[in-house]
Amino acid sequence: MVFPVKYGKALLQNHILLAIAKIAEEIAVRYDIEFEKIGCDEDHMRILANFSPKYSGSEVVGMFKSITARELFKQFPLLKKELWGGEFWSDGFYFATVSEQGNWKVVEHYIENQGKTMGISKQLCLLA
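Counting from 154, one number per residue, gives the positions in the sequence shown under my numbering.
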C-alpha cells in the first residue's frame, strides 16, 4: 500500500511517525491486521500488511487513512493549519498484492530502506 500526504506536504517527521506507529498498533489489534513493515519518505507512506480476506485492500487502506488522519488531527491540532482542507492523506493510493513465495522479501527490503540513499547519484550524466 502506498499513499501520499495531502498536497504532497512533507509532514511525516519523527513525532508524526511515532504517533502513526502507535495508531497502527491499535488498528492492528482492533481489525486483526498485521502491519509487517511501515516505511515512509516525508510526503508518503508505504505499508506491507497481512490481513483477512474478509477485508478488501481498499477497505484496509480506507481504515488506515481515516483512523490515522482523525487521530493525528486530535493529537496535533496545528496540522489543520498546514492542511487547510481537513484531510491528512490524498484521496488516491496504490495497492498491490505480494506472495510470500515471490516478491514479499523484495518489497519488505524496499520498505525497510525507504528514505535512505542507496548509493545512486542524484543526477545521471546523459552527455559526457
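By construction, the Cβ of each residue, glycine as well, lies at the ideal position given by its N, Cα and C atoms.
Does the beta-carbon of residue i have 16 or more other beta-carbons within 10 angstroms, so that it is buried, or is it exposed?
i	result
V259	exposed
K218	buried
L279	Since pLDDT at L279 reaches only 48, below the 50 mark, its modelled position is unreliable, and the value read off the structure follows with that caveat. Exposed is the call here.
Going along the chain, which residues of its own chain have a beta-carbon closer than 7 angstroms to the beta-carbon of residue i, five neighbours each way excluded?
i	result
I264	K190, G192, R199 and L201
I220	I176 and I180
F188	A177, A181, I200 and A202
Q267	G192, C193, D194 and R199
S205	D185
Leaving out the 5 sequence neighbours to the left and right, which residues in its chain are closer than 8 angstroms to residue i when beta-carbon positions are compared?
i	result
K233	F226 and G239
Q166	E195
Taking the alpha-carbon of residue i as reference, which of the options has the nearest alpha-carbon?
i	options	result
P157	A222, Q228, L231 and P230	A222
N203	M154, Q228 and P230	M154
I173	W242, S211 and H262	W242
L171	Q228, Q267 and N266	Q228
If you drop the 5 nearest sequence neighbours on each side, which residues of the same chain put their C-beta closer than 6 angstroms to that of residue i?
i	result
T270	Reliability of the predicted coordinates at T270 is poor, the pLDDT of 38 falling under 50, and the value obtained from them is presented with this limitation in mind. None.
Review point. Would you call the stretch 235 to 245 and the stretch 170 to 182 in contact, with 3 or more CB pairs under 8 angstroms?
Key: Output reads no: the stretch 170 to 182 does not touch the stretch 235 to 245.
Check your understanding: When the Cβ atoms of the stretch 184 to 196 are set against those of the stretch 242 to 251, are three or more pairs found closer than 8 angstroms?
Key -> No, the stretch 184 to 196 does not touch the stretch 242 to 251.
Point to revise | Length at least 4, wholly inside the stretch 182 to 256: the alpha helix (DSSP H) runs in chain order | key: Whole alpha helix (DSSP H) segments, 4+ residues: 210 to 228 and 232 to 235.
Practice item. Would you be able to state if there are at least three C-beta pairs under 8 angstroms between the stretch 196 to 210 and the stretch 154 to 162? Key: Segments in contact, yes.
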